[in-house]
Structures are given as structure tokens and as C-alpha cells.
Amino acid sequence: MLKESILEIKMDSDLKEQAERLYEQMGTTFAEAIRIFARQSVMEKGMPFTMHLAALGEKRTLGIANGKYSIPDDIDECNGEIAEMFGVGES
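Mapping of the sequence shown onto our numbering: position 67 corresponds to residue 71, and the numbering continues sequentially without gaps.
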């Protein structure tokens, strides 16, 4: 007989509701999707999908939209900002 554990996590309510609706449309539950994710992670010995730095770009886009960042007028200015962002010298 399998020994079961209870997993308790904090999550944004809207995200949880969206995920529940999505998995319901797929004919399963959010809880089952989490179990599938865990099984697949163990099988692959890591995240079961490729992770990208897209989130950095999304944060920058949001920053531009709310006035936190500006869009450079020329490529040299842009390269300087990128170098500063990643802590590297310009070449």
C-alpha cells in the first residue's frame, strides 16, 4: 500500500482558479497535474520542461510599460544598458 503525504502550497488565487479550469477542460484535476509534474520531474531528474530567461524580458517589458525603464534611442546606448544589466564590459 502506498504511503501518502499532503502537500500544502501558497499560490495566487487567480492563478489557482485558472489552472483548475484548464485541467478540468483537459479531463483531470489540478492535484493530478501536480502529481504528474512530480513523477515526470523524478523521471527526468529535473524540471520536465526547458526553462528560459523569457521572464527577464517580460519584466523589462512591464518596466517599460510602467515607466521604470526607457527604450534607448540608439544601439550603443542599448548595448551599454545590456552590459550594465549583466555586469559585463562593452566590447
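We treat Cβ as the ideally placed atom computed from N, Cα and C, and that holds for glycine.
Between which two residues does the alpha helix (DSSP H) harbouring residue i extend?
| i | result |
| --- | --- |
| SER45 | 34 to 48 |
| LYS20 | 17 to 29 |
Count the other CB atoms within 10 Å of the CB of residue i; is the residue buried (16 or more) or exposed (fewer)?
| i | result |
| --- | --- |
| GLU48 | exposed |
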